[in-house]
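Engineer:
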Amino acid sequence: MDKHALAAFLRSRREQVRPEDVGLPRGSRRRTPGLRREEVAQLAHISTDHYSRLEQARGRHPSRQVLRGIARALRLSDQERAHLFSLAGELEDDPGRLPAREVAPSTAALLDRLADTPAIVLDDTCQVLAWNPLAAALFEDFSALRAADRNVLRRIFLHPDRDHGVYGIAGHERLAINAVSYLRVATSRYPDSTELRSLIDELLAGSATFARLWNSQELRIEHHSRQVFRHPKVGPIELDFDILTVPDSDQHLMLFTAEPGSASYRSLQFLGVIGTQRMDAPT
């Protein structure tokens with residue numbers, strides 16, 4: 009445990025978290041940049057004395073539970089969280105946890121700005137975490153689904169109409185291999201996650217195709233490709249897709265783009281209109 013480095017890191021992060029970021033009023037008399045020590049302690053569910061001693065490099069070795077509470081209170085990214093545990097002499101965080109599923113405000117804002125580009129945020133388990141309206145129009149209305157059903161793996165291998173194509177994607181076998189590969193990577197990062205193990209067992213029991221791909225040990229992740237979507241409303245749309253890693257997280261941003269002025273680009277524009285009309289239709 010590096011007490012002085014841990015203390016410096018905690019002070020630095022505390023000063024960068026605004027009260028409004030954690031639901032606290034700023035107030036007119038606040039002089040401390042960021043949060044106060046007692047506010048961090050309250051959010052982390054530990055005593056103010058315990059937290060203050062850690063910031064003063066006088067604290068005893070914090071437990072994993074304390075470190076998790078501090079990480080939540082300071083809104084640490086996955087990389088910052090790992091660094092916190094390392095400074096405290098804990099080389100491994102909770103191996104049973106899953107990737108963070110809270111999408112950063114900056115990422116959510118980016119989705120909103122991509123008006124002519126379908127965009128989706130997924131984690132390593134292929135769980136759809138966020139999407140923009142054009143993505144909902146291209147794929148499906150994720151907001152109408154249960155959280156468990158917003159998983160691309162379940163859609164590929166367990167959906168009732170899986171044999172008739174996935175989202176109208178031509179040659180969706182490549183998509184299936186990519187999705188299984190991401191899941192394989194997730195098992196190495198979160199080896200003791202009961203939720204992840206449950207998902208794999210569910211897919212193995214429900215899909216012979218998944219079982220074949222899973223047992224093949226094949227690992228193939230494409231970060232750029234071209235895909236044809238046969239959309240039931242606008243017909244075939246040929247799109248380039250790129251997968252970008254969201255910094256400081258185990259999340260991925262999938263972007264689907266068409267050449268400006270092309271037939272596919274015009275189809276996307278029309279699809280955006282259809283999607284807006286459908287969402288705004290009276291019930």
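Reminder that position 183 of the sequence shown reads as 191 in our numbering, one-by-one numbering, no gaps.
Yeah, the Cβ is synthetic: ideal placement off N, Cα and C, and Gly gets one too.
All of these numbers come straight from a predicted model, not from anything done at the bench.
For Gly243, count neighbouring Cβ atoms within 10 angstroms of its own Cβ and tell me buried if that reaches 16, exposed if not.
Structural biologist: Answer is exposed; the Cβ neighbour count stays below 16.
Engineer: Which of the three DSSP states is assigned to Arg234 in this structure?
Structural biologist: In this structure, Arg234 counts as strand in the three-state DSSP scheme.
Engineer: In or out: Ile164 buried (at least 16 other Cβ within 10 Å) or exposed?
Structural biologist: The residue in question, Ile164, is buried, as its Cβ has 16 or more Cβ neighbours within 10 Å.
Engineer: On the three-state DSSP scale, how would you describe Pro290?
Structural biologist: Its pLDDT being 38, under 50, Pro290 is placed unreliably in this model, and the coordinates cannot settle the point.
Engineer: Is it the case that the Cβ atoms of Ser272 and Glu246 are separated by a distance below 7 Å?
Structural biologist: Against a cut-off of 7 Å, the Cβ pair of Glu246 and Ser272 comes out as a contact.
Engineer: Applying the criterion that 16 or more other CB atoms from any shown protein chain within 10 Å of the CB defines a buried residue, is Glu47 buried or exposed?
Structural biologist: By the neighbour-count rule (16 or more Cβ atoms within 10 Å), Glu47 is buried.
Engineer: Which residues bound the alpha helix (DSSP H) around Asp120?
Structural biologist: Note, Asp120: alpha helix (DSSP H), 113-121.
Engineer: Classify Met287: buried if its beta carbon has 16 or more other beta carbons within 10 angstroms, exposed otherwise.
Structural biologist: Note that Met287 has pLDDT 38, beneath the 50 cutoff, so the model's placement of it is unreliable and no number is given.
Engineer: Going by C-alpha to C-alpha distance, which of Ala213, Gly176, Leu261, Pro126 sits closest to Gln277?
Structural biologist: Checked all of Ala213, Gly176, Leu261, Pro126; the closest Cα to Gln277 is Pro126.
Engineer: For Phe218, which residues from the same chain have a beta carbon less than 6 Å from its beta carbon, with the 5 sequence-adjacent residues on both sides left out?
Structural biologist: Phe165, Leu211.
Engineer: Would DSSP call Asp131 helix, strand or coil?
Structural biologist: Of the three classes helix, strand and coil, the one that applies to Asp131 here is strand, per DSSP.
Engineer: Where Arg44 and Asn186 are concerned, what is the direct C-alpha to C-alpha distance, given to the nearest angstrom?
Structural biologist: Near 45 Å, if we compare the C-alpha coordinates of Asn186 and Arg44.
Engineer: Taking Gln259 and Val129 to be in contact with their CB atoms under 8 Å, please state how far apart those CB atoms are, rounded to whole angstroms.
Structural biologist: Confirmed, Cβ separation roughly 6 Å.
Engineer: Determine the direct distance from the alpha carbon of His180 to that of Ala152, and round the result to whole angstroms.
Structural biologist: Spanning the two alpha carbons is a distance of roughly 23 Å.
Engineer: Since Ala138 is in the alpha helix (DSSP H), which residue starts that stretch and which ends it?
Structural biologist: That residue, Ala138, is in no alpha helix (DSSP H); its beta strand (DSSP E) goes 136-139.
Engineer: Within 8 Å, do at least three Cβ pairs link the region 12-24 to the region 62-72?
Structural biologist: Verdict: yes, contact present.
Engineer: Whole-angstrom Cβ separation of Leu142 and Gly280, contact assumed at under 8 Å?
Structural biologist: Rounded, the Cβ-Cβ distance is 5 Å, consistent with contact.
Engineer: If you compare alpha carbons, which of His53, Arg61, Ala266 is closest to Gln73?
Structural biologist: Considering only alpha carbons, the answer is His53.
Engineer: So, is Gly283 buried or exposed, given that buried needs 16 or more other C-beta atoms within 10 angstroms?
Structural biologist: With 16 or more other Cβ atoms within 10 Å, it is buried.
Engineer: By how many angstroms is the C-alpha of Ala184 removed from the C-alpha of Cys134?
Structural biologist: Cα to Cα, Cys134 sits roughly 11 Å from Ala184.
Engineer: Quick one: what does DSSP say Ala90 is sitting in, helix, strand or coil?
Structural biologist: In the structure shown, Ala90 sits in a helix (DSSP, three-state: H, G or I).
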